[in-house]
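FYI, in our numbering the residues of the sequence shown are 280 to 485. Structure, as structure tokens:
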Amino acid sequence: MKILIMDNDESLRYMLTEFCKHAQWESDTAANGREGVDKFLKGSYDVILVDYHMPEMDGLQTVREIRKHNSVIPLLVLTVDERQEVADRFLEEGATDFALKPVKAPDLISRIKLHAQIANMKHAQEEDEDIFTAKGISKGTLHSIASFLQENREAYPVDVISKEIGLAYPTVYRYLMHLLDEGKVKQVVSHQKIGRPKKLYKWYAH
């Protein structure tokens, strides 16, 4: 794991680097927000520690700038300021968590581990979403169609499903084909007295 430390206090940068060594993590340091954002854009990090009071670019501006480029990376703010409004402003800008100075090693290490795990889960979710999007499948629409079929166990033609859940016929048809491919839905052919046999779809419970 690699941590980026932004703090204008040299002794604190050194201490935080030692924390990282103790946890067997790599670390990089920056003396202010501007230098930190440059390093962030050029490098690859798992967690960022941001001091609130820094010259050139304070913690708030730094958090805001990083969030323009990355919505997942954990941003832990280090501050001596305990006021709720400061915490709220940081959260609005996208900070993940806070550690009050003086920082204690066990507390900071456990927070970093926790947020790195959460970020990895988010990453996996986003990749999952990308796979769906690449196929032109939206999870929300898929869920609506799947829920309707799970709740109503009979077989239905596309036009009935389309009317019941309020989605266009071609959309429902495309999603049913996707569910058919996935083995979640079964196609049933209904032979009518007049006209062509009708294709019906039902949830396929394994």
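Note that CB positions come from ideal geometry on N, CA and C, so glycine has one too. Predicted model only: the values in this text are computed from it and were never measured.
Would you say residue i and residue j are within 8 Å of each other, going by their C-beta atoms?
i    : j    : result
D330 : K281 : no
L328 : L370 : no
P492 : A395 : Look at the range of the chain in this structure, 280 to 485, and you will see that residue 492 is not part of it.
M285 : G322 : no
Y454 : L421 : yes
In the DSSP output, what is residue i paired with across the bridge?
i    : result
L379 : T358
I282 : S306 and V326
Q396 : DSSP lists no partner for Q396.
K478 : V468
Y293 : Note: Y293 sits in no beta bridge, so no partner.
Y452 : Partner(s): none; Y452 has no beta bridge.
Y435 : Y480
What number of angstroms, rounded off, separates the C-alpha of residue i from the C-alpha of residue j?
i    : j    : result
M294 : E461 : 53 Å
Q363 : M456 : 51 Å
L291 : D360 : 16 Å
V351 : H470 : 53 Å
T341 : L379 : 18 Å
R475 : G419 : 33 Å
C299 : S306 : 7 Å
S423 : L355 : 37 Å
L428 : K477 : 17 Å
D367 : D376 : 11 Å
L387 : V365 : 20 Å
H348 : V316 : 10 Å
A398 : R343 : 18 Å
K392 : L446 : 43 Å
I444 : E297 : 58 Å
P381 : K401 : 30 Å
V439 : L283 : 55 Å
V464 : I416 : 16 Å
H301 : A374 : 25 Å
Within 10 Å of its beta-carbon, does residue i have 16 or more other beta-carbons around it, so buried, or fewer, so exposed?
i    : result
Y448 : exposed
I345 : buried
S389 : exposed
S273 : This structure does not reach residue 273, given that the chain is present from 280 up to 485, and the question cannot be answered.
Under the assumption that residue i contacts residue j (Cβ atoms under 8 Å), give the Cβ distance between them as a whole number of angstroms.
i    : j    : result
A486 : K481 : Here the chain has residues from 280 to 485 only, and residue 486 is not among them.
E372 : L339 : 6 Å
A310 : K318 : Their Cβ separation, rounded to whole angstroms, is 11 Å, which puts A310 and K318 out of contact at 8 Å.
Y452 : V437 : 5 Å
Q466 : L458 : With 8 Å as the limit, Q466 and L458 do not qualify as a contact, their Cβ atoms being about 10 Å apart.
M336 : N287 : Actually they do not touch by this definition, with Cβ atoms about 10 Å apart.
Just to confirm, does residue i get its C-beta within under 7 Å of one of the non-hydrogen atoms of the ligand FMN?
i    : result
R475 : As far as ligands go, the structure on display features none, and thus does not contain the ligand FMN.
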